[in-house]
Amino acid sequence: MSNAETIDKTAIRDAATVIVLRDRATRPKVLMGQRGAKAAFMPNKFVFPGGAVDAGDADIPLASPLPALCAGRLREDSARDLSHALAAATIRELWEETGLILGTPGAWPSLPAPDWASFAETGHVPTAEALQFVFRAITPPGRPRRFDARFFLIDANAIASDLDDFSAASEELSHLQWIPLSEARSFDLPFITEVVLAEIEARVHDTAPPETVPFFRNDDEASLFLRLRGIQPTNAD
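Taking numbering that gives the first Met the number 0, the leading residue of the sequence shown gets 0, the next gets one more, and so forth.
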């Protein structure tokens, strides 16, 4: 997660989380790591890679955009169109926290932002076409940090780098590992991560986008469970 900007710790921040699914046809595994004991948000918990959207993520070039259906669902129940920024943030957080590359070989059209310099040095441009928007949740009130998190699923086959090489990862997550999906809920997990894992287990062999996207909306007035259907793509999309 970038520390390049000063943040209001009481505000709900837009965030992106990525669930990388490996060997889904045989013995499915998900990539997870453990947050530090001194972390202000979810200390010691095993989580998926992810973090807050940075201001510059909206301007990052993508070799290919999100699928139109996913972008439409991201726009639903949102004051702004954050689909591009969320896709970029997902790819950046995956790179920063695991060292895995979701991109295609190519040169950047301009000098990359500082947060993206190390990614660009790999010779790849980020690509979002393999990301699938599958879940959204807002952190309940009263927590030291609050996020409006969008969860993206990606098949590990879309990763451009060695799936077992975490040498470029930051130190934000420790014990990075591929955890069998059937065993993941035995780890020390946040509640919402358990919920997301159940959703992934239910459709592990279904590669099509979900019919609707679950949305746990915990705002200051009420807690709601919604289903996002989004703006359906047309032939012009």
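Note that CB positions come from ideal geometry on N, CA and C, so glycine has one too. Note that the coordinates shown come from a computational prediction; the quantities given were computed from them, not determined experimentally.
Just the Cα atoms here: how many angstroms apart are residue 234 and residue 207?
-> On the sequence shown, residue 234 is found 235 positions in, with the first residue counted as 1. On the sequence shown, residue 207 is found 208 positions in, with the first residue counted as 1. Confidence in residue 234 is poor, its pLDDT being 44 and thus under 50, which makes the residue's placement too unreliable to answer from.
Contacts around residue 237, its chain only, beta-carbon distance under 6 Å, and the 5 residues preceding and following it disregarded = Shown here, the chain extends from 0 to 236; a query on residue 237 therefore has no answer.
Please list, in chain order, all residues of the same chain as residue 24 whose beta carbon is under 8 Å from its beta carbon, the five residues on each side excluded.
-> Counting from 1 along the sequence shown, the entry for residue 24 is found at position 25. Cβ within range, chain order: 204.
Who are the Cβ neighbours of residue 107 in its own chain at under 7 Å, not counting the five residues just before and after it?
-> The count along the sequence shown starts at 1 and reaches residue 107 at position 108. Around residue 107: 60, 119 and 124.
Taking residue 135 and residue 150 to be in contact with their CB atoms under 8 Å, please state how far apart those CB atoms are, rounded to whole angstroms.
-> Indexing the sequence shown from 1 puts residue 135 at position 136. Indexing the sequence shown from 1 puts residue 150 at position 151. The pair is a contact, with the Cβ atoms about 7 Å apart (cut-off 8 Å).
Can you say whether residue 86 is buried or exposed, counting buried as having 16 or more other CB atoms within 10 angstroms of its CB?
-> Working through the sequence shown from its first residue, we reach residue 86 at position 87. So residue 86 ends up on the buried side.
Would a C-beta distance cut-off of 7 Å place residue 167 and residue 98 closer than the cut-off?
-> Numbered from its first residue, the sequence shown carries residue 167 at position 168. Numbered from its first residue, the sequence shown carries residue 98 at position 99. For residue 167 and residue 98, yes; Cβs fall inside 7 Å.
Name the DSSP bridge partner or partners of residue 148?
-> Residue mapping note: residue 148 aligns to position 149 of the sequence shown, counting from 1. DSSP output for residue 148 lists 14 and 136 as bridge partner(s).
Excluding sequence positions up to five away, which residues of its chain have a Cβ less than 8 Å from the Cβ of residue 279?
-> Any property of residue 279 remains undetermined from this structure, which presents the chain solely from 0 to 236.
Using 10 angstroms around the beta-carbon of residue 223, count the other beta-carbons present and answer buried if the total reaches 16, otherwise exposed.
-> For the purposes of this step, residue 223 is taken as the residue at position 224 of the sequence shown. Exposed: under 16 other Cβ atoms inside 10 Å.
Beta-carbon proximity list for residue 89, same chain, < 7 Å, skipping 5 on both sides | The residue you call residue 89 lines up with position 90 of the sequence shown. If we look at residue 89 and ignore the five residues flanking it on each side, its Cβ neighbours are 15, 17, 130 and 151.
Beta-carbon gap between residue 114 and residue 163 smaller than 7 Å | Numbered from 1 along the sequence shown, position 115 holds the residue referred to as residue 114. Numbered from 1 along the sequence shown, position 164 holds the residue referred to as residue 163. Result no, Cβ atoms of residue 114 and residue 163 do not sit closer than 7 Å.
Under the DSSP definition of a beta bridge, which residues are partnered with residue 123?
-> The residue given as residue 123 occupies position 124 in the sequence shown. Note: residue 123 sits in a beta bridge opposite 104.
Look at residue 196 and residue 132 and say whether their C-beta atoms are less than 7 Å apart.
-> Indexing the sequence shown from 1 puts residue 196 at position 197. Indexing the sequence shown from 1 puts residue 132 at position 133. It is not a contact, given that the beta carbons lie outside the stated cut-off.
Would you mind reading off the limits of the beta strand (DSSP E) that contains residue 174?
-> For the purposes of this step, residue 174 is identified with residue 175 of the sequence shown, where counting begins at 1. That run of the beta strand (DSSP E) goes 172 to 179.
Which residues bound the beta strand (DSSP E) around residue 160?
-> As a first step, residue 160 must be located in the sequence shown, where it is residue number 161. Neither: residue 160 is in no beta strand (DSSP E) and is coded neither H nor E.
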